[in-house]
Amino acid sequence: MNDNLLEIDKRTVCVCKDKKHTAEISIADVDESIKKKRFVKWAHNEIAVVSDFHKRILFSDEAHFWLNGYVKKQNCRIWSEANPQVYVETPLHPEKLTVWCALWAGGIIDGATCHTALATIYLLKDTFGDRLISRFGPVNWPPRSCDLTPLDYFLWGYVKSLVYADKPQTLDHLEDNIRRVIADIRPQMLEKVIENWTSRLDYIRASRGSPMPEIIFKM
C-alpha cells in the first residue's frame, strides 16, 4: 500500500505530502479539473490551427442586478481602488433585473432570453452545429469555470462597479445605467479581455487544471 495515500472513498481523496500536512481533494473537483484540462487542450489545438480562434468565440452568460446594490461576489470581480469592508442589510425579496449578454473580441450583444433554456439550446445547435461550446453542446464546457468566462472575470464586476454610482432608486433607472455602461465599453477593451483569456488557458494548462488564484485584471 502506498504510504502517501491516506484514504479513498466516494467523496474524497486525501493525499499526504508528509506526516504533518494533508490536502483534501473532492472527487467532484478532480472530475471538474479533468474536464477543464480537456477543454483547455481543445482550445489550444484550435488556436494552433487558427491563430485568432479565441477572437471568434462568442461568450454568453447572465447575471442579477439587485436594486438595493447587493452584489454576489462568488463569480464577479469588483473594480474599485478601495476595499469596501461593510455589511449591508438586504430585504428578503429585493427587486432585481436579470441581464443576459454575449461578449466577443469585437463587441457585446445584450437583451436576449436565458441562454440555457431548452428551446434556445436547440436553436443554438441548429445555428452553430458542432461549433457550439456548452455543457449541453458538442464541445463540452467545463462546469464552475468562472476563471475562463470573460463575463465573470471581467464584465459583470466592471459593470456593477459603475451602475450603482448614482444609487438608482427604480428598476428603470437601474436598467438605463446598465445599458449605458455596457454601451460605453470600447472594442479595444474587449480585445484585451479576450487576449487575457489565452493567458488563462496557459495558466490552467501549466497548473494541470487548477483554478486561477485571485488576481488583479489589468487593462
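Here the sequence shown is numbered in my numbering, starting from 6 and rising by one per residue.
Every residue, glycine too, gets a C-beta built ideally from N, C-alpha and C.
The structure displayed is predicted, hence computed values, not measured ones.
Handout entry: DSSP three-state assignment for Lys172, whether helix, strand or coil
Key = Start at 1 with the first residue of the sequence shown, and residue 172 comes out as number 167. Here Lys172 carries a coil assignment [DSSP, helix/strand/coil].
Problem - Touch test, the region 98-109 against the region 134-148, Cβ-Cβ under 8 Å, three pairs minimum - result: Verdict: no, contact absent.
Problem - Distance between beta carbons of Asn201 and Phe44, contact taken as under 8 Å - result: Sequence index remark: in the sequence shown, residue 44 carries index 39 (1-based). Sequence index remark: in the sequence shown, residue 201 carries index 196 (1-based). So it is not a contact: roughly 17 Å between Cβ atoms.
Practice task
State the DSSP-derived secondary structure class of Lys25, mapped to helix, strand or coil.
Solution key: Position 20 of the sequence shown, counted from the first residue, corresponds to residue 25. Only weak support is given to the placement of Lys25: the predicted model assigns it a pLDDT of 44, under 50, and the question is left unresolved by the model.
Exercise for the section: Could you please give me the residues that DSSP links to Cys151 through a beta bridge? Expected result: Taking the sequence shown and counting its residues from 1, the one referred to as residue 151 is at position 146. Per the DSSP secondary-structure output, Cys151 pairs with nothing in a beta bridge.
Exercise for the section: Check whether the Cβ atoms of Lys46 and Ile199 lie closer than 8 Å to each other. Expected result: Taking the sequence shown and counting its residues from 1, the one referred to as residue 46 is at position 41. Taking the sequence shown and counting its residues from 1, the one referred to as residue 199 is at position 194. No, Cβ-Cβ distance for Lys46 and Ile199 is not below 8 Å.
Exercise for the section: Keeping to the same chain, check which residues put their C-beta closer than 6 Å to that of Arg140; ignore five residues upstream and five downstream. Expected result: As a working note, residue 140 is residue 135 in the sequence shown. The answer, listed in chain order, is Trp146.
Handout entry: Cβ-based burial, Lys172 [other Cβ within 10 Å; buried from 16]
Key = Within the sequence shown, numbered from 1, the residue matching residue 172 stands at position 167. With a 10 Å radius around the Cβ and a threshold of 16 neighbouring Cβ atoms, Lys172 comes out exposed.
Exercise for the section: Please determine, among Ala53, Thr203, Asn50 and Val55, the residue with the shortest C-alpha to C-alpha distance to Leu153. Expected result: Within the sequence shown, numbered from 1, the residue matching residue 153 stands at position 148. Measuring from the Cα of Leu153, the nearest candidate turns out to be Thr203.
Exercise for the section: Please check the pair Pro148 and Lys40, which I expect to be a contact at CB under 8 Å, by giving their CB distance rounded to whole angstroms. Expected result: Along the sequence shown, one-based indexing puts residue 148 at 143. Along the sequence shown, one-based indexing puts residue 40 at 35. Yes, Pro148 and Lys40 are in contact; Cβ-Cβ is about 7 Å, under 8 Å.
Exercise for the section: May I ask you to report which of helix, strand or coil DSSP gives Asn73? Expected result: Taking the sequence shown and counting its residues from 1, the one referred to as residue 73 is at position 68. Here Asn73 sits in coil by DSSP.
Problem - Candidates Ile187, Ser150 and Ala53, of which the one nearest Asp115 by Cα - result: Your numbering for residue 115 matches position 110 in the sequence shown. With distances taken between CA atoms, Asp115 lies nearest to Ile187 out of Ile187, Ser150 and Ala53.
Problem - Whether Phe64 touches Trp109 by CB criterion (8 Å) - result: Stepping through the sequence shown from its first residue, residue 64 is reached at position 59. Stepping through the sequence shown from its first residue, residue 109 is reached at position 104. Their beta carbons are under 8 Å apart, which means Phe64 touches Trp109 by this criterion.
Problem - Three-state secondary structure (DSSP) of Ala211 - result: Numbered from its first residue, the sequence shown carries residue 211 at position 206. Three-state result, Ala211: helix.
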